[in-house]
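**Q** Here's a structure for you.
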Amino acid sequence: MSSKPILRLGTIKSVHGFQAHLRSLHLTIPLDHELVTGPESPLRQPLVSGDIKIGNRIVVHPMEGWDGSPDGNPSPNTIRRWQRFGRSGAKLIWGGEAVAVSHEARANPNQLVAAAHTQAGLSQLRATLLEEHRLTTGSDDGLLIGLQLTDSGRYSRPNAHGRPEPRILYHHPFLDRRLGLPADFPVLTDAEIQVIIENFLRAALMAWNLGFDFVDVKHCHGYLGHEFLSAHTRPGRYGGSFENRTRFLREVVPGIRSIAPGLKIAVRLSAIDSVPFHPDPAQSSNGNLGPGIPESHESNIPYRWGFGVNPLDPTQSDLNEPVRFLSLLEELGIRLVNITAGSPYYNPHLQRPALYPPSDGYLPPEDPLVSVARQMDATKRLKQQFQDLIFVGTGYSYLQDFLPHVAQAAIREGWVDMVGLGRMVLSYPGLLWDASGGHAIQRKLICRTFSDCTTAPRKGLPSGCYPLDSFYKDSESMTQLTIAKKS
Ligand SMILES: Cc1cc2nc3c(=O)[nH]c(=O)nc-3n(C[C@H](O)[C@H](O)[C@H](O)COP(=O)(O)O)c2cc1C
Ligand code: SF4
């Protein structure tokens, strides 16, 4: 990375200034100088494709909750978050948050679980969102609400925040070491995979019975669905060939269709990835994290532990297999695709570009705008090849004040069909609704990528935007976060 300091976007005062900044970084990101408001806004255009009707182009990405009850039910904090999702004006709610298909599949002990005893709670989340959405937009026409179904696999922590209970598909040269897994640590058996598939089907049926429009069979961020795709070294039915590595999805999809025929199926995919990163030890001192550098991988070439990764240079992405995967989605009749990148655990700069790292991350190894451009470019290239799929784009929150200008241009120019918001929804749920409705933008609510919403849960605290959501201002959790960050 160049030694030039990263320019804080909050200091750029105009769209022209932002454009000049992009030019100085040699980045191509679509950018509209004027925002169109009202029904003509590209962000407010309905999307109709076959039997899918979505009322506008604004999406709420799933964001894992760390504030459910120990039995997997929503808490008042969870309900409040879903209320805010409803206020976003988004007509596509991509799952709200990852919901574990079983207790052992949870990424944290307070993650929601799809189970008989949580049905009423999950139903309440949907109803709350629906009500707030109607109040904000005037109608629930064209509103699609999904549940993101997950098994956390390698990143399962169902019983205690500090106690990983990984369930892995194969041994990984770098990620095993991070979890302290010995060489003989057991991998999931094919029989255990069958049980997991049954759990996905049961959870999907529940979602259908509760009135959700779709389920996302999650294939991103290093969790189990994503790990299947990189199981090159796993022997047997679920590893090795592309066919075997996609068998999990190819078994889940017809299974869901047979029991919940009207339920739509979607997939969130980490389409690009890299070898894991860690803070540069030579530049880390006194608890201060250095910039991220890739793990030394010279002895691991060709690299056989990634998906969407160039096997000869795993610091670079490779879209060959993701293209095959999207062809498979088409064959399976899956139309809704949400493109994301990497993993929050091993290359967060790729996955959620940020100026300030989370406590277990590293300083940005590149200008975060480069990371944004990379995700946008991969999505654009995939969209160009799969015109019939509906693409949701990711990684926009870092764009801050210029997010609406980029989102509008990206849709107008066909880089993507819909723009999803992650962190920005925690700080300012209505940003795109305000921007496309001609309402004043509330700059004080714009996410500045402080990463507290990632750091806090890592410390076992509830989810949320601590710096900008006044709800947390004087809360006990805020005090705990401050102490945790100092220690
Ligand atoms: C606190 C937090 C929790 C997240 N949980 C999930 C999740 O459950 N499922 C998922 O697919 N992505 C999850 N993500 C990733 C976001 O959906 C999104 O991809 C990422 O934040 C980048 O988008 P952004 O730039 O708009 O924030 C999470 C992100 C954050 C900040
Ligand atoms: S804590 Fe708030 S400001 Fe910081 S990254 Fe998360 S949403 Fe953005």
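For the record, in the sequence shown the residue sitting at position 399 is 408 according to my numbering, with numbers rising by one throughout. C-beta atoms are modelled at their ideal positions from N, C-alpha and C, and glycine is treated no differently.
(1) Could you tell me the distance, in whole angstroms, from the CA atom of Asp160 to the CA atom of Leu52?
(2) I need the residues with a C-beta less than 6 Å from some heavy atom of ligand 2; please give them in chain order.
(3) What is the C-beta distance between Gly431 and His25, in whole angstroms, given that I count them as a contact (C-beta under 8 Å)?
(4) Quick one: complete beta strand (DSSP E) runs, 3+ long, within the region 184-246?
(5) Measure the C-alpha to C-alpha separation of Pro438 and Lys392 and round it to an integer number of angstroms.
(6) Using only CA atoms, which one of Glu141, Leu219, Leu121 and Ser111 lies nearest to Gly95?
(7) Using a threshold of 7 Å, is the CB atom of Pro71 nearer than that to any non-hydrogen atom of ligand 1?
(8) To the nearest whole angstrom, what separates the beta carbons of Leu359 and Pro377, a pair I think is in contact under 8 Å?
(9) Among Ile177, Val226, Leu408 and Ser293, which has the Cα closest to the Cα of Phe194?
(10) Measuring straight from C-alpha to C-alpha, what distance separates His180 and Val196?
(11) At a cut of 8 Å, does the region 128-139 reach the region 215-224 through at least three beta carbon pairs?
(12) Cα-Cα, which of Asp60, Gly104 and Leu138 is closest to Arg93?
(13) Quick check on Lys62: does DSSP put it in helix, strand or coil?
(14) If you reduce the DSSP assignment to three classes, tell me which class Ala444 lands in.
(15) Using the beta-carbon count (16 or more within 10 Å), is Arg32 buried or exposed?
(16) By Cβ distance, which residues of its chain are closer than 6 Å to Val68, with the 5 residues on each side in sequence left out?
(17) For a quick check, are the C-beta atoms of Leu278 and Thr349 less than 8 Å apart?
(18) With a threshold of 7 Å (Cβ to nearest heavy atom), would Lys273 be considered close to ligand 1?
(19) If I follow the unbroken beta strand (DSSP E) through Asn347, where does it start and stop?
(20) State the Cα-Cα distance for the pair Ser50 and Leu44, rounded to the nearest angstrom.
(21) Can you tell me whether DSSP reads Ile399 as helix, strand or coil?
(22) Applying the criterion that 16 or more other CB atoms from any shown protein chain within 10 Å of the CB defines a buried residue, is Gln394 buried or exposed?
(23) What is the DSSP secondary structure of Arg361, reduced to helix, strand or coil?
(24) Return yes when the Cβ of Gly404 is within less than 8 Å of the Cβ of Gln384, no when it is not.
(25) Enumerate, from N- to C-terminal direction, the unbroken alpha helix (DSSP H) stretches of 4 or more residues contained entirely within the region 61-98.
(26) Apply the 10 Å Cβ neighbour rule to Asn65 and answer buried if 16 or more other Cβ atoms are within range, or exposed otherwise.
(27) Say the cut is 7 Å; is the CB of Lys227 nearer than that to a heavy atom of ligand 1?
(28) I'd like to confirm something about Leu156: is its beta-carbon nearer than 7 Å to some heavy atom of ligand 1, or not?
(29) If you drop the 5 nearest sequence neighbours on each side, which residues of the same chain put their C-beta closer than 6 Å to that of His241?
(30) Say yes only if the C-beta of Gln1 is nearer than 7 Å to one or more non-hydrogen atoms of ligand 1, and no if none qualify.
(31) The alpha helix (DSSP H) that contains Pro377, what's its start and end?
(32) Would the beta-carbon of Arg163 fall within 8 Å of that of Pro118?
(33) Would you please state the rounded distance, in angstroms, between the beta carbons of Val110 and Ala212? I believe it to be under 8 Å.
(34) Do you know whose CA, among Glu340, Gly47, Gln489 and Ala114, lies nearest Ile206's CA?
(35) Should Tyr405 be counted as a contact of ligand 1 given a C-beta to heavy atom distance under 7 Å?
(36) Determine the direct distance from the alpha carbon of Thr198 to that of Trp424, and round the result to whole angstroms.
**A** By the coordinates alone:
(1) For the purposes of this step, residue 160 is identified with residue 151 of the sequence shown, where counting begins at 1. For the purposes of this step, residue 52 is identified with residue 43 of the sequence shown, where counting begins at 1. Going from the Cα of Asp160 to the Cα of Leu52 covers about 33 Å.
(2) The answer, residue by residue, is Arg432, Leu435, Ser436, Cys456, Arg457, Thr458, Phe459, Ser460, Asp461, Cys462, Cys474, Tyr475, Pro476 and Leu477.
(3) One-based indexing of the sequence shown puts residue 431 at position 422. One-based indexing of the sequence shown puts residue 25 at position 16. The Cβ separation is near 27 Å, so there is no contact.
(4) Note on the region 184-246: whole beta strand (DSSP E) runs with a minimum of 3 residues are 223-226, in chain order.
(5) On the sequence shown, position 429 is the one that residue 438 refers to. On the sequence shown, position 383 is the one that residue 392 refers to. Between the alpha carbons of Pro438 and Lys392 lies a gap of roughly 26 Å.
(6) As a working mapping, residue 95 is identified with position 86 in the sequence shown. Answer by Cα proximity: Glu141.
(7) Along the sequence shown, read from residue 1 onward, the residue named residue 71 stands at position 62. At least one heavy atom of ligand 1 is nearer than 7 Å to the Cβ of Pro71, so yes.
(8) The residue labelled residue 359 in the question sits at position 350 within the sequence shown. The residue labelled residue 377 in the question sits at position 368 within the sequence shown. 10 Å between Cβ atoms; not a contact.
(9) Taking the sequence shown and counting its residues from 1, one reaches residue 194 at position 185. Per the Cα distances, Ile177.
(10) Here residue 180 corresponds to residue number 171 of the sequence shown, with the count starting at 1. Here residue 196 corresponds to residue number 187 of the sequence shown, with the count starting at 1. So the two alpha carbons sit approximately 8 Å from each other.
(11) Short answer: they touch.
(12) Working through the sequence shown from its first residue, we reach residue 93 at position 84. Among Asp60, Gly104 and Leu138, the Cα nearest to that of Arg93 is on Leu138.
(13) Your numbering for residue 62 matches position 53 in the sequence shown. Strand.
(14) Position 435 of the sequence shown holds residue 444. In the structure shown, Ala444 sits in a helix (DSSP, three-state: H, G or I).
(15) Start at 1 with the first residue of the sequence shown, and residue 32 comes out as number 23. Classification of Arg32: exposed, given that the 10 Å Cβ count is below 16.
(16) Taking the sequence shown and counting its residues from 1, the one referred to as residue 68 is at position 59. Leaving aside the five residues that flank Val68 on each side, the residues in its chain whose CB is nearer than 6 Å to its CB run, in chain order, Ala99, Leu101, Trp103, Val401, Met427 and Gly429.
(17) Along the sequence shown, read from residue 1 onward, the residue named residue 278 stands at position 269. Along the sequence shown, read from residue 1 onward, the residue named residue 349 stands at position 340. In this structure, Thr349 lies closer than 8 Å to Leu278 by Cβ.
(18) Here the question's residue 273 lines up with position 264 in the sequence shown. Because no heavy atom of ligand 1 lies under 7 Å away, the Cβ of Lys273 does not count as near it: no.
(19) Position 338 of the sequence shown, counting from 1, holds the residue named residue 347. DSSP places Asn347 inside the beta strand (DSSP E), whose first and last residues are Leu345 to Ala350.
(20) Residue 50 sits at position 41 when you count from the first residue of the sequence shown. Residue 44 sits at position 35 when you count from the first residue of the sequence shown. So the alpha carbons of these two residues sit roughly 8 Å apart.
(21) Within the sequence shown, the letter at position 390 stands for residue 399. Note: Ile399 maps to strand in three-state DSSP.
(22) Start at 1 with the first residue of the sequence shown, and residue 394 comes out as number 385. Under a 10 Å Cβ-count criterion, Gln394 is classified as exposed, with fewer than 16 other Cβ atoms of the shown protein chains found around its own Cβ.
(23) Within the sequence shown, numbered from 1, the residue matching residue 361 stands at position 352. Here Arg361 sits in coil by DSSP.
(24) Taking the sequence shown and counting its residues from 1, one reaches residue 384 at position 375. Taking the sequence shown and counting its residues from 1, one reaches residue 404 at position 395. Cβ distance < 8 Å, so Gln384 and Gly404 count as in contact.
(25) Taken in chain order, the unbroken stretches of alpha helix (DSSP H) that lie wholly in the region 61-98 and span 4 residues or more are 85-96.
(26) Numbered from its first residue, the sequence shown carries residue 65 at position 56. So Asn65 counts as buried.
(27) Locating residue 227 in the sequence shown gives position 218, counting from the first residue. Lys227: yes, Cβ under 7 Å from ligand 1.
(28) For the purposes of this step, residue 156 is taken as the residue at position 147 of the sequence shown. No, since every heavy atom of ligand 1 falls outside the 7 Å radius drawn around the Cβ of Leu156.
(29) For the purposes of this step, residue 241 is identified with residue 232 of the sequence shown, where counting begins at 1. Closer than 6 Å at Cβ, skipping near neighbours: Arg313.
(30) Because the chain spans 10 through 496 in this model, residue 1 falls outside it and cannot be assessed.
(31) As a position in the sequence shown, residue 377 is number 368, starting the count at 1. Run containing Pro377: Pro377 to Gln394, per the alpha helix (DSSP H) assignment.
(32) Position 154 of the sequence shown, counting from 1, holds the residue named residue 163. Position 109 of the sequence shown, counting from 1, holds the residue named residue 118. No. Outside cutoff.
(33) Here residue 110 refers to the residue found at position 101 of the sequence shown. Here residue 212 refers to the residue found at position 203 of the sequence shown. About 4 Å; that satisfies the 8 Å criterion.
(34) As a working mapping, residue 206 is identified with position 197 in the sequence shown. The shortest Cα separation from Ile206 among Glu340, Gly47, Gln489 and Ala114 belongs to Ala114.
(35) Residue numbering aside, residue 405 sits at position 396 when the sequence shown is read from its first letter. Yes.
(36) The residue labelled residue 424 in the question sits at position 415 within the sequence shown. The residue labelled residue 198 in the question sits at position 189 within the sequence shown. So the alpha carbons of these two residues sit roughly 41 Å apart.
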